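Residues in the sequence shown are numbered from 14 upward in steps of one, following our numbering.
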Amino acid sequence: MAIIISNSDDTVVNGTSDADTIVVRGSNNTISGFGDSDTIFGVGDANLLYGDSTVQGGPDAGVGSDVLIGGSGDDTLWGGADADTLQGGDGADKFSFGFVPQARLPVLDSTSQNPDLIVDFSQAEGDVVDLSSLRLFPAVPVVFLGTESFTDQIALEIRYETTGNSTIVQFRVPESDDPSTPATLLGQINLAGNVDLTADDFVTDLTLDIPGDPEPDTSVDVDGEAEKDQTTSNCVPVEHWLM
Numbered sequence: 014m015a016i017i018i019s020n021s022d023d024t025v026v027n028g029t030s031d032a033d034t035i036v037v038r039g040s041n042n043t044i045s046g047f048g049d050s051d052t053i054f055g056v057g058d059a060n061l062l063y064g065d066s067t068v069q070g071g072p073d074a075g076v077g078s079d080v081l082i083g084g085s086g087d088d089t090l091w092g093g094a095d096a097d098t099l100q101g102g103d104g105a106d107k108f109s110f111g112f113v114p115q116a117r118l119p120v121l122d123s124t125s126q127n128p129d130l131i132v133d134f135s136q137a138e139g140d141v142v143d144l145s146s147l148r149l150f151p152a153v154p155v156v157f158l159g160t161e162s163f164t165d166q167i168a169l170e171i172r173y174e175t176t177g178n179s180t181i182v183q184f185r186v187p188e189s190d191d192p193s194t195p196a197t198l199l200g201q202i203n204l205a206g207n208v209d210l211t212a213d214d215f216v217t218d219l220t221l222d223i224p225g226d227p228e229p230d231t232s233v234d235v236d237g238e239a240e241k242d243q244t245t246s247n248c249v250p251v252e253h254w255l256m
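Printed below as a string of structure tokens:
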């Protein structure tokens with residue numbers, strides 16, 4: 014395992030065949046994780062990121078547009094702020110939104126003004142869009158509307174439409190669980206190609222794990238129904254709200 018930190022611009026940063034942590038703060042870099050389960054942070058602008066496990070680009074609000082390429086295996090890609098291009102490659106990939114590493118603030122990081130583009134979303138390979146970080150109020154339901162229009166209900170609503178050779182995913186995030194305050198924050202993600210999306214293509218359960226727990230997973234029921242419990246590992250409980 015190697016920890017690689019670079020502050021340079023316009024350079025090539027390569028990992029090893031082991032599980033690496035690579036942090037690149039410069040801009041216009043090409044970053045390759047190579048083998049095993051790598052975690053890659055592209056903090057600067059316009060970086061090209063390759064990884065085999067977890068890929069993160071521009072984790073802080075205001076950081077520039079990145080190109081993230083997951084390669085083979087089951088990758089997790091976070092684009093961060095601005096309009097990013099995400100390619101999961103082979104395997105069941107997770108495209109995550111609203112997550113800010115080492116912070117307690119999820120952000121609306123893909124909007125109609127700066128939408129991220131997923132170029133290879135594959136239902137056959139088990140790819141999913143993860144919006145769980147935007148689940149601010151566990152009691153507020155998640156509603157998949159298909160191609161129907163948004164409603165006035167207090168819910169994290171998800172819909173999509175196809176136009177040309179693209180699929181546009183839109184979601185509205187409630188800022189409060191007060192019934193008198195409808196959801197107004199609008200996010201958007203673009204998918205290349207026409208995809209007939211279903212609720213199973215989205216991850217929306219807010220799940221937490223207690224750090225240091227010797228058990229591999231801890232389950233938390235966010236809906237009060239046992240059959241909807243889910244497990245995660247190594248997540249730090251955080252307080253959520255939007256910037």
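C-beta atoms are modelled at their ideal positions from N, C-alpha and C, and glycine is treated no differently. This one's a predicted model, so the numbers in the text were calculated from it and none came from an experiment.
Subject >> CA nearest to the CA of Thr211, picked from Ser189, Glu174, Gln201, Ala205 >> reply: Glu174
Original post:
So is Gly200 buried or exposed if we call it buried at 16+ other beta carbons inside 10 Å?
Top reply: buried
Original post:
Between Met14, Ala96, Gly104, Asp165, which lies nearest to Gly84 when the distance is taken from Cα to Cα?
Top reply: Gly104
Subject >> Nearest to Gly111 (by Cα), restricted to the options Gly39, Gly101, Leu90 >> reply: Leu90
**OP:** Starting from the N-terminal side, write out each stretch of the beta strand (DSSP E) that is 3 residues or longer and does not extend beyond the region 120 to 169.
**Re:** 129 to 131, 141 to 143, 155 to 159
Original post:
Can you tell me the Cα-Cα spacing of Gln126 and Ile44, whole angstroms?
Top reply: 27 Å
**OP:** In angstroms with no decimal places, state the Cα-to-Cα distance between Thr5 and Ile131.
**Re:** One cannot answer for residue 5 here, as it falls past the ends of the chain, which runs 14 to 256.
Subject >> Collapsed DSSP secondary structure at Ala205 in the structure displayed >> reply: strand
Original post:
So Asp51 and Gly92 are in contact, right, with Cβ under 8 Å, and what is the actual spacing, rounded?
Top reply: Not confirmed; about 17 Å, so no contact.
**OP:** Would you kindly report the start and end of the unbroken beta strand (DSSP E) that includes Thr98?
**Re:** 98 to 100
Subject >> Contact set for Ile53: own chain, Cβ-Cβ below 6 Å, skip 5 residues either direction >> reply: Ile35, Ile44, Gly46, Leu62, Gly64, Val68
Subject >> Given Gly102 as reference, the closest of Ser135, Ser193, Ser162 once Cα atoms are compared >> reply: Ser135
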